[in-house]
Amino acid sequence: MQTVQDAAALRAVIRGWRGQGQTVGFVPTMGNLHAGHHSLIKLARARADRVVASVFVNPTQFGPNEDFERYPRTLAQDQVGLAEQGCDLLFAPEVATIYPFGAAHSVSIHVPQLTETLEGAHRPGHFDGVATVVCKLFNLVQPDLAVFGQKDFQQLKVIERMVRDLSLPVKIMAAPTQRAEDGLALSSRNQYLTPEERALAPQVQAVLQQMHELVGKGHAIPVVEQAAASKLARAGFDVDYAVIRRAEDLAEPAEGEREGLVALVAARLGRTRLIDNLPFD
Ligand code: PAF
Numbered sequence: 246m247q248t249v250q251d252a253a254a255l256r257a258v259i260r261g262w263r264g265q266g267q268t269v270g271f272v273p274t275m276g277n278l279h280a281g282h283h284s285l286i287k288l289a290r291a292r293a294d295r296v297v298a299s300v301f302v303n304p305t306q307f308g309p310n311e312d313f314e315r316y317p318r319t320l321a322q323d324q325v326g327l328a329e330q331g332c333d334l335l336f337a338p339e340v341a342t343i344y345p346f347g348a349a350h351s352v353s354i355h356v357p358q359l360t361e362t363l364e365g366a367h368r369p370g371h372f373d374g375v376a377t378v379v380c381k382l383f384n385l386v387q388p389d390l391a392v393f394g395q396k397d398f399q400q401l402k403v404i405e406r407m408v409r410d411l412s413l414p415v416k417i418m419a420a421p422t423q424r425a426e427d428g429l430a431l432s433s434r435n436q437y438l439t440p441e442e443r444a445l446a447p448q449v450q451a452v453l454q455q456m457h458e459l460v461g462k463g464h465a466i467p468v469v470e471q472a473a474a475s476k477l478a479r480a481g482f483d484v485d486y487a488v489i490r491r492a493e494d495l496a497e498p499a500e501g502e503r504e505g506l507v508a509l510v511a512a513r514l515g516r517t518r519l520i521d522n523l524p525f526d
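Heads up, the sequence shown is in the working numbering, so the first residue is 246 and it goes up one at a time.
See below:
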């Protein structure tokens, strides 16, 4: 696997593949890769002739009091894992390559509506940063397809909407959330958890399962949401939301609506914020 830092080198390699009629799959990441990321690479590997991954800790998607500085940067280890998964090319750009006029002065992409709720409401500006960097990376790599994890459900919806609205010629593929044996969704941020918090963390997934069961039994959605938030709060979580939404557009379901729903939770344990979701289909 080759690693390149600058746009010209990236484009030269991809141009060579294109010249041979090969298709390109792309997996954008912020590094510190785990089995969840590796499953995205595997999916891209199965669907495209060549696989490009990026590792870029994107400053514009972090709020002023978030973990940009302490976000784990483990490039050497990431390179080994990517090579093992059959990734062909790693793009690991400097901030100046992605933001030539500075991150604060970049053109910014705002996806309306979808970004005004849930993560968007709790992390103002986060999805503008995500949409902007993903659009820039798509322009650099020009992939046929790109793979995103369902773990960041709202992010996936935002990217799908951006691609459709801007007519970007890339197919978005969703990969299922990878979990530890006890149900905790894999995330680079799990390593911030203390042993006590790590023992509590799988309750997020347990609560999502319970939300699914209760809705299946016909309980009213607001009651299910309230019960989920209370259960997490009693267990020691600081709950941002525990809700059931329409998977399509994250809008609140109409009364009696039971098809195409998803349960989503965001909650803090100490200084770690966990997010997870469970599509009901
Ligand atoms: O999901 C992530 O790791 C990031 O939000 C992404 C898509 C790589 C954009 O920086």
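Virtual Cβ for every residue (Gly too), placed ideally from N, Cα, C.
Values in this document were obtained by computation on a predicted structure and should not be read as measured data.
Exercise. By DSSP, does residue 261 sit in helix, in strand, or in coil?
Worked result: Walking along the sequence shown from the start, residue 261 turns up at place 16. Here residue 261 sits in helix by DSSP.
Exercise. Any heavy atom of ligand 1 closer than 6 Å to the CB of residue 273?
Worked result: For the purposes of this step, residue 273 is identified with residue 28 of the sequence shown, where counting begins at 1. Shortest gap from the CB of residue 273 to any heavy atom of ligand 1: under 6 Å.
Exercise. Going by the C-beta, is residue 484 closer than 6 Å to any heavy atom of ligand 1?
Worked result: Taking the sequence shown and counting its residues from 1, the one referred to as residue 484 is at position 239. Here the distance from the Cβ of residue 484 to the nearest heavy atom of ligand 1 is not below 6 Å.
Problem set entry | Rounded C-alpha distance that separates residue 351 from residue 380 | Reading the sequence shown from its first residue, position 106 is the one you call residue 351. Reading the sequence shown from its first residue, position 135 is the one you call residue 380. Distance from the CA atom of residue 351 to the CA atom of residue 380, rounded to whole angstroms, is 12 Å.
Problem set entry | As assigned by DSSP and simplified to three states, the class of residue 330 | In the sequence shown, the residue the question calls residue 330 occupies position 85. Secondary structure at residue 330: coil, using DSSP grouped into helix, strand and coil.
For this session: Look at the alpha carbon of residue 326 and the alpha carbon of residue 276, and state the distance between them as a whole number of angstroms.
Result: As a first step, residue 326 must be located in the sequence shown, where it is residue number 81. As a first step, residue 276 must be located in the sequence shown, where it is residue number 31. For residue 326 and residue 276, the distance between alpha carbons rounds to 11 Å.
Problem set entry | Backbone secondary structure at residue 358 - three-state DSSP | Taking the first residue of the sequence shown as 1, we reach residue 358 at position 113. In this structure, residue 358 counts as coil in the three-state DSSP scheme.
Exercise. Between the region 441 to 450 and the region 292 to 304, are three or more C-beta pairs nearer than 8 Å?
Worked result: Judged by Cβ distances under 8 Å, the region 441 to 450 makes no contact with the region 292 to 304, as fewer than three pairs qualify.
For this session: Take residue 499 as the anchor and find which of 484, 486, 517 and 467 has the nearest alpha-carbon.
Result: Counting from 1 along the sequence shown, the entry for residue 499 is found at position 254. The residue among 484, 486, 517 and 467 with its C-alpha nearest the C-alpha of residue 499 is 467.
For this session: Give the straight-line distance between the Cα atoms of residue 465 and residue 515, rounded to the nearest whole angstrom.
Result: If you number the sequence shown from 1, residue 465 lands on position 220. If you number the sequence shown from 1, residue 515 lands on position 270. Their backbone Cα atoms lie some 31 Å apart in a straight line.
Problem set entry | Extent of the continuous alpha helix (DSSP H) run through residue 399 | Counted from its first residue, the sequence shown places residue 399 at position 154. First-last of the alpha helix (DSSP H) with residue 399: 398 to 410.
Problem set entry | Endpoints, the alpha helix (DSSP H) within which residue 372 is located | Residue 372 sits at position 127 when you count from the first residue of the sequence shown. Per DSSP, the continuous alpha helix (DSSP H) segment holding residue 372 begins and ends at 371 to 386.
For this session: Within the same chain, show all residues whose beta-carbon is closer than 7 Å to that of residue 484, passing over the 5 residues directly before and after it, in chain order.
Result: As a working mapping, residue 484 is identified with position 239 in the sequence shown. Non-local C-beta neighbours of residue 484 in its own chain, meaning closer than 7 Å and more than five positions away in sequence, comprise 474, 477, 478 and 512, ordered along the chain.
For this session: Within its chain, find whatever has a CB closer than 7 Å to the CB of residue 493; leave out the 5 residues flanking it on each side and keep chain order.
Result: Sequence index remark: in the sequence shown, residue 493 carries index 248 (1-based). The answer, listed in chain order, is 505.
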